[in-house]
Amino acid sequence: MTMKSLFTALFLTCALATASFAQAPAKTTALTPIEDQPGLPRVLLIGDSISIGYTIPVRNLLKGKANVHRIPANGGPTKNGLANIDKWLGDGHWDVIHFNWGIHDLKIMTDGKRQVEPGDYEKNLRTLVAKLKATGAKLIWATTTPIPEGPLNPPRSFGKVPEYNEIADRVMKENGVAIDDLNTVITPHVGEMQIPHDVHYKAEGYITLAKQVAASIEAALPAKK
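Numbering of the sequence shown is given in our numbering, commencing with residue 190 and proceeding in unit increments.
Take a look at the structure:
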C-alpha cells in the first residue's frame, strides 16, 4: 500500500467513525422531552428528584394510554414553583397534572430556618393550586415521601414531613384536589427500598412509587370517546 493510499484509508476510517458517532441516538432520561402520540391524553408530572426517579417507569406503565410529560428540571421548593409555573405549564392543554412540592421546602438552611417556612409553604401552595386549577386539568397532589431519621449523606437537615403534609392536605381538600398518598404507600418499605441515609430510593422503590402514581393518573384520565 502506498503512503497516499494509507492516508486515504485512515481518513475514510476516521470519517466513518465520526459519522457513526454523530448518528448515535442521544441517551433518553426522565428530563428528555417526549413527542405526543396523537389521540392520547396529556399528563404533566411536577416534582423534585423523587418524581424524576419514577418518571420513566410511569411512562412505561401508561404507554399507549397517555402522553406523560414532566417539567424539564427538579421542581425544588414552592418558591421555585412560583417562579417557573407559567413556563412549565406552557400554552398546551393538560388533561391531568400530578404534582408535589415539599422536601426542598423542608430543608433547613444555614440560618436555622426551613427554606420555606410553614406559613409561606401554605401560601405558596394556594397560589400554585390556583394556577393549576386554571388549566382545567384534573389535579392530583402527591404527598411528600419520608425523610430518614439521623445523619444523611450528603449531610443536610430537614424539618418534619408530617407537618408539611398536613398543611398540603388541608389546602388540597379545601380546593377539591385528589390526593395520591405516596408517603403511606412507601413508608412500610423504606427499610429495604430507600437508599440508606438518603431521601432517594433504589430501583424497586421507584417502581413501587411509579405503580401508585400511574394508577392514580389512569383513574383520572378522560373516558375514551
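Glycine residues also receive a C-beta, built at the ideal position from the N, C-alpha and C atoms.
(request) Return yes when the Cβ of residue 311 is within less than 8 angstroms of the Cβ of residue 356, no when it is not. (result) yes
(request) Take residue 294 as the anchor and find which of 367, 271, 279 and 286 has the nearest alpha-carbon. (result) 271
(request) Please work out which residues of its chain come closer than 8 angstroms, Cβ to Cβ, to residue 339, disregarding the five sequence neighbours upstream and downstream, and give them in chain order. (result) 386
(message) Along the chain, where does the alpha helix (DSSP H) containing residue 359 start, and where does it finish?
(response) 350-363
(request) Can you grab the Cα-Cα spacing for the pair residue 286 / residue 258, in whole Å? (result) 10 angstroms
(message) I'd like the list of long-range same chain contacts for residue 223, defined as Cβ closer than 8 angstroms, with 5 residues on each side in sequence excluded.
(response) 248, 256, 257 and 258
(request) Please name the residue, chosen from 251, 262, 236 and 405, that lies closest to residue 221 on a Cα-to-Cα basis. (result) 262
(request) To the nearest angstrom, report how far apart residue 396 and residue 370 are at their CA atoms. (result) 15 angstroms
(request) Alpha carbon to alpha carbon, how far is residue 328 from residue 405? Give it in angstroms, no decimals. (result) 10 angstroms
(message) Rounding to the nearest angstrom, what Cα-Cα distance links residue 346 and residue 303 in this structure?
(response) 9 angstroms
(request) Kindly indicate the opening and closing residues of the alpha helix (DSSP H) around residue 274. (result) 267-278
(request) Please go through the same chain and pick out, in chain order, the residues whose beta-carbon is closer than 7 angstroms to the beta-carbon of residue 145, but skip the five residues on each side of it. (result) A question about residue 145 goes unanswered here, because the residues of the chain that appear run from 190 up to 414.
(request) From the DSSP output, in three-state form, read off residue 256 for me. (result) strand
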